[in-house]
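Peer 1: My questions all concern the structure below.
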Amino acid sequence: MALTHNLGFPRIGARRELKLALEAYWRGDINEERLQTTAAELRKQHWILQREAGIDLIPVGDFALYDQMLNMTALLGAGPARFNADSGEVDLDLYFAMARGTPGQPAMEMTKWFDTNYHYIVPEFDARTEFRIASSQLFREVAEAKALGISPKVVLIGPLTYLYLGKETEPGFNRLDLLTRLLPVYREILARLASLGVEWVQIDEPLLALDLDNDWLSRLDHAYAALDATGTKRPKLLLATYFEAVDNHAARLKKLPVDGLHIDLCRAPHQLDIFLDNYPAGKVLSLGVIDGRNVWRADLAQAFSILSRAQAIVGERLWIAPSCSLLHCPVDLELETRLDGEIKNWLAFSAQKLKEVSTLGRGLDQGENAIRESLDAAAEARQERRDSPRIHSPVMQERLQSLTHNDSGRASPFPVRQLLQRRRFQLPLLPTTTIGSFPQTPEIRQARAAFRKGELGNLQYLEAMRNEIRFAIKKQEEIGLDVLVHGEPERNDMVEYFGEQLWGYAFTENGWVQSYGSRCVKPPILYGDIYRPEPMTVDWIQYAQSQTEKPVKGMLTGPITMLMWSFVRDDQARSLTALQLALAIRDEVADLERAGIGIIQIDEPAFREGLPLKKADWNGYFQWAVEAFRVASSGVKDDTQIHTHMCYSEFNDILPAIADMGADVITIETSRSRMELLDGFGHFKYPNEIGPGVYDIHSPRIPDTAEMLELLEKACLVINPKQLWVNPDCGLKTRGWTETVTALERMVEAARLLRARLDISQAETC
Ligand code: GLN
Ligand code: ZN
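If you use my numbering, the sequence shown closes out at 1137, no skipped numbers anywhere.
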């Protein structure tokens, strides 16, 4: 019998029940018991849903109130200061304090989980880090599942991945040295699970999908040998890998003393053969054939034929699963009542994906005919999708064919453009600007919501937004900024706003995916060729410009960010979809230029996120991603100034690609890292102009003028002041007006002070 299983289920709840309960708990509206009851109820619902979908082995331990890595940290008791002295356990408030900070203690760092949009809490290690079982939560959940008659497969993050994803808080210390201390605790956990009657543990080692240096790789055998040590009774281990190929480690993995391997055949279908070749007798091979990272209905026939081929070789030991945890997928398509029926038929969310898995299992057990109907229905849906006039349009084909090399480059090189732009805008040295959004006040949100519901008429809405724009322009003039923005009051979300106006996008009501903690996102679904039927921003920007003599910067979201923050069609290369998005933005840029807007910013906060997990694939990505940005931004005259913005600071390894994008000005995040990133800019001379953020908009703290001045001076050491812009780290939409005004006034003052100083020193050298 081919066993079906699931690697993990989204925990936030189909209607974000967990989010609501968490936030109520944090506000003090509900007590711990209520929160725990909601959590237990969700776990139960999800287990039952999975069982009813026909899944044989159901994950337990994939649930987390905040984050699965933080759960591991609590389970392993990593870090001496982190326990409650009385209970010896990590209690709930301590757990949340680690994630969210307290007035007295900053939150632990959070970072992206591989190439997903999920963020985990980074474990912290130093030489004194000790481990011991410090939370019974996992064991309680096992008991909970058993009580419901669920046969649990417990999910743990593997010891190597756990250490790898953490960071050292002590210079010179190597966290890998903790492995020997860590393994006995894993052994203890396994033994305890065995005594609870757990038969299988899925031990996730996604780090294997990364480029690993030998220090880490060489510890793999040792670590798993240690977990296997004689004398300990342990459950069977399924070592799970996902998000990329691990075929380069196939020989090593097959030899590991574990009872099975899981590989991702959606991201890396080619790795099957290498694993099938001489696959060790007695070991389970779990194949991830249903895509856990996207929302499309599977090609069941193809998956079935892959599985059949594997079954012929590994027989009973074949397991079937989604490619990775379904954490990255919305919960249930059935909840979508407003989605167009045709498009809905092309989709599968978590609940539907599990049914696909179990259908495949049934087919393997009972023969293809037993699932004939499902295979046919899936094939038909795919055929319809392929043939649908909503997907491929001749207009787009023509457009793509008419693209020439010239379309991805500006007419003149940067120095020529710079001269023309300087003449045109007459900006002072160290021009000041902001990243785009101004505070999204409750009034703005209410107006937008009322407009959506039809409670506010078109003209009333227009007037409300124009009032906001006028207000923002006036404030910026008072503050004395040089390049103004309209403030983005009309935008709920920088991707959704554009997606809603482009053809080829669909939106869900409940397609939530956890981003971190209680934060969820609802990525739009990019299903077909992209077409921009009419200008998307021109009216707003033009209105803003009509209110001031100063230049107003137009504000757009770039093609790569549109792509990364959506569920993207899987019937063509992502590079092609990016190019289609680029063409739509190019048209918008042209319309803005025609309307007299001289400065246009194309935000690409997700540019770095798109980097493939393996470095060998980076160049391929850069080629199409940079090209997409160039196509979006190059259709303008030399004296139109293109800005871009990216919200992070790890640039050192991607600077040449960033420079290739060719924006006249780039604004970036730097203040949290105190301009450390500028080291990179020191080594690699960034050719164009650059605005390193001088204050952190993520924190309510407002730095004083001297602090910003100091950061600017630091920047001047590596960047020619003539190339330097002055701006905050990111958009201001989450801040209030009072703090925003104070912060920007100080920023403008810092720029003035430095300008004066630079003028003097230049005068002296003359
Ligand atoms: N222009 C956007 C804003 O200011 C940029 C947001 C972002 O970089 N994530 O909000
Ligand atoms: Zn940003």
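We put the beta carbon where it would ideally sit given N, CA and C, even for glycine.
Got a sec: does the ligand ZN put a non-hydrogen atom nearer than 7 Å to the Cβ of Gly851?
Peer 2: no
Peer 1: Just the C-alpha distance for Gly875 and Asp900, rounded to the nearest angstrom, thanks.
Peer 2: Taking the straight line joining both Cα atoms gives about 5 Å.
Peer 1: Can you tell me whether DSSP reads Glu880 as helix, strand or coil?
Peer 2: Note: Glu880 maps to coil in three-state DSSP.
Peer 1: I'd like the list of long-range same chain contacts for Gly734, defined as Cβ closer than 7 Å, with 5 residues on each side in sequence excluded.
Peer 2: Setting aside the 5 residues that flank it on each side, Gly734 is surrounded in the same chain by Phe675, Ala741, Ile742, each with a C-beta closer than 7 Å to its C-beta; the list follows chain order.
Peer 1: Are the C-beta of Met1017 and some C-beta of chain B separated by less than 8 Å?
Peer 2: Considering every chain present, this structure includes no chain B. It has just one protein chain.
Peer 1: Within its chain, find whatever has a CB closer than 8 Å to the CB of Asp736; leave out the 5 residues flanking it on each side and keep chain order.
Peer 2: Met372, Ala373
Peer 1: Taking the C-alpha atoms as reference points, what is the distance between Ala669 and Ala1003?
Peer 2: Going by C-alpha positions, Ala669 is about 32 Å away from Ala1003.
Peer 1: Compare the C-alpha of Thr540 against each of Trp883, Asp497, Lys715 and name the closest.
Peer 2: If you compare the alpha carbons of Trp883, Asp497, Lys715 with that of Thr540, the shortest gap goes to Asp497.
Peer 1: Rounded to the nearest angstrom, how far is the Cβ of Lys921 from that of Asp853, given a contact under 8 Å?
Peer 2: Yes, Lys921 and Asp853 are in contact; Cβ-Cβ is about 7 Å, under 8 Å.
Peer 1: Which same chain residues, not among the five before or five after Leu553, have their C-beta less than 8 Å away from its C-beta?
Peer 2: Excluding positions up to five away in sequence, the list reads Leu447, Phe502, Pro530, Tyr533, Leu534.
Peer 1: Between the segment 380-392 and the segment 879-898, can you find at least three pairs of beta-carbon atoms closer than 8 Å?
Peer 2: yes
Peer 1: Looking at the secondary structure, which residues open and close the alpha helix (DSSP H) in which Ser795 lies?
Peer 2: First, the residue type needs correcting, since residue 795 is Arg and not Ser in the sequence shown. From DSSP, the alpha helix (DSSP H) with Arg795 extends over 785-796.
Peer 1: Quick check: Met443 and Ile528, are their CB atoms within less than 8 Å of each other?
Peer 2: Yes; because the gap between Cβ atoms is below 8 Å, this pair is in contact.
Peer 1: Taking 7 Å as the line, does the beta carbon of His490 fall inside it for any heavy atom of the ligand FAD?
Peer 2: Ligands in the displayed structure: the ligand GLN and the ligand ZN; the ligand FAD is not one of them.
Peer 1: Short of 8 Å in beta carbon distance, which residues of its chain neighbour Phe720, apart from the five on each side in sequence? Order them along the chain.
Peer 2: Answer for Phe720: Val666, Cys700, Pro701, Val702, Asp703, Leu704, Gly882, listed in chain order.
Peer 1: Identify which residue in Phe646, Gln723, Glu713, Asn716 has its Cα closest to the Cα of Val685.
Peer 2: Phe646
Peer 1: Could you please give me the residues that DSSP links to Asp575 through a beta bridge?
Peer 2: Ile528, Ala611.
Peer 1: Apart from the five residues just before and just after Arg387, which ones in its own chain have a Cβ nearer than 7 Å to its Cβ?
Peer 2: Trp883, Cys891
Peer 1: Would you mind giving the Cβ-Cβ distance between Gly1064 and Asn1091, rounded to the nearest angstrom? I have them listed as a contact below 8 Å.
Peer 2: That belief does not hold up - the Cβ atoms of Gly1064 and Asn1091 are roughly 18 Å apart, past 8 Å.
Peer 1: With a CB to CB cut of under 6 Å and the five nearest residues on each side skipped, what residues in its chain are close to Leu406?
Peer 2: Cβ contact annotation for Leu406 (same chain, cutoff 6 Å, sequence separation greater than five): Ala392, Tyr396, in chain order.
Peer 1: Using a threshold of 8 Å, state whether the C-beta atoms of Leu536 and Met440 are closer than that.
Peer 2: The Cβ atoms of Leu536 and Met440 lie closer than 8 Å to each other.
Peer 1: Considering Cα atoms alone, identify which of Ala683, Leu801, Lys985 is closest to Leu578.
Peer 2: Lys985
Peer 1: Is the beta carbon of Glu980 closer than 8 Å to that of Lys483?
Peer 2: Contact: yes.
Peer 1: Are Ala949 and Pro930 close, meaning C-beta to C-beta below 8 Å?
Peer 2: Contact flag set, yes.
Peer 1: If you follow the alpha helix (DSSP H) that Val997 is part of, which residue opens it and which one closes it?
Peer 2: 989-1004
Peer 1: Does DSSP put Pro1092 in a helix, a strand or coil?
Peer 2: Helix.
Peer 1: What I want to know is whether the C-beta of Gly734 ends up closer than 7 Å to one or more non-hydrogen atoms of the ligand GLN.
Peer 2: no
Peer 1: Could you check which residue in Ile492, Val1119, Ala722 has the C-alpha nearest to that of Leu706?
Peer 2: Ala722
Peer 1: Distance check for Leu963 and Ser783, CA to CA, integer angstroms please.
Peer 2: 20 Å
Peer 1: Leaving out five residues before and five after Asn716 in sequence, what residues of the same chain have Cβ atoms less than 6 Å from its Cβ?
Peer 2: Ala752
Peer 1: Does the beta-carbon distance from Thr375 to Asp427 come in below 8 Å?
Peer 2: yes
Peer 1: For Pro786, count neighbouring Cβ atoms within 10 angstroms of its own Cβ and tell me buried if that reaches 16, exposed if not.
Peer 2: Around the Cβ of Pro786, a 10 Å sphere holds fewer than 16 other Cβ atoms; the residue is exposed.
Peer 1: When every heavy atom of the ligand GLN is checked, does at least one fall within less than 7 Å of the C-beta of Ser886?
Peer 2: Because no heavy atom of the ligand GLN lies under 7 Å away, the Cβ of Ser886 does not count as near it: no.
Peer 1: Using CA coordinates, which residue listed in Gly432, Leu678, Gly1006 is at the minimum distance from Gly780?
Peer 2: Gly1006
Peer 1: Is Pro1092 near the ligand ZN, going by C-beta to nearest heavy atom under 7 Å?
Peer 2: no
Peer 1: Could you check whether Arg709 and Glu515 sit closer than 8 Å to each other, using their CB atoms as the reference points?
Peer 2: no
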